[in-house]
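Each step along the sequence shown adds one to the number in numbering that gives the first Met the number 0, with nothing skipped, and position 4 is 3.
Note that the Cβ used here is the ideal one computed from N, Cα and C, for glycine as well.
Okay, so here's the structure we're looking at.
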Amino acid sequence: MAVIAEGPTPEMADARRLLTGTRCRAVRELLGLSQEALPPKSGVHWQTVENFEGGRPGTFPVQSKIRAALEAGGVESRPATSLP
């Protein structure tokens, strides 16, 4: 028997703020970070960052870790519905 959660987990509550590889690269470069500098800050493997920026989809936990590292650098992420 499967158990289905009644609502989103706290981590999924902000799922609309998911990151794309293209946006990741742009923000990383805006912050002056190399691909080699992002993994220690995010806790993901360098090859994961390279693959993600190259167009491979990242899992929600990977995207969340990268987003958190970029936000720690001073970039604010907003839900897609709040963008102009």
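{"Asked": "Rounded straight-line distance, which links the Cα of V48 to that of E70", "Found": "16 Å"}
{"Asked": "Pairwise C-alpha distance: S41 and A68", "Found": "5 Å"}
{"Asked": "Where T47 sits in the DSSP three-state scheme", "Found": "helix"}
{"Asked": "Spatial distance of E52 from I65 (CA atoms)", "Found": "11 Å"}
{"Asked": "Cut-off 8 Å between Cβ atoms - residues of its own chain near V61, not counting five sequence neighbours on either side", "Found": "V43, T47, F51"}
{"Asked": "Through-space distance from A36 to G20, alpha-carbon basis", "Found": "16 Å"}
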